[in-house]
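Sequence positions in the sequence shown follow the working numbering and run 3 to 57.
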Amino acid sequence: MADLIVKAAVKEELDDKNVASDFYEALDDEVSELLEDAAARAESNGRKTVQPRDL
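Spelled out as structure tokens, the structure:
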């Protein structure tokens, strides 16, 4: 599976918080599931284009 998140961006967004090394993999898994669900919703509505409303 490809990495869907950028670690540097996550660190920047969380500012002064420490981030556990396994957090990134868990976040990547969540994003992957979110994208799969959005794609399935678009397809079930007869579209190939995933739109914000599919989230």
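Yeah, the Cβ is synthetic: ideal placement off N, Cα and C, and Gly gets one too. Remember, predicted model here, so these are calculated numbers, not experimental data.
Rounded to the nearest angstrom, the gap between the Cα atoms of residue 11 and residue 43 is 28 angstroms.
In this structure, the CA atom of residue 19 is about 21 angstroms from the CA atom of residue 33. Within the same chain, 26 come within 7 angstroms of residue 9 by CB-CB distance, once the 5 residues on both sides are set aside.
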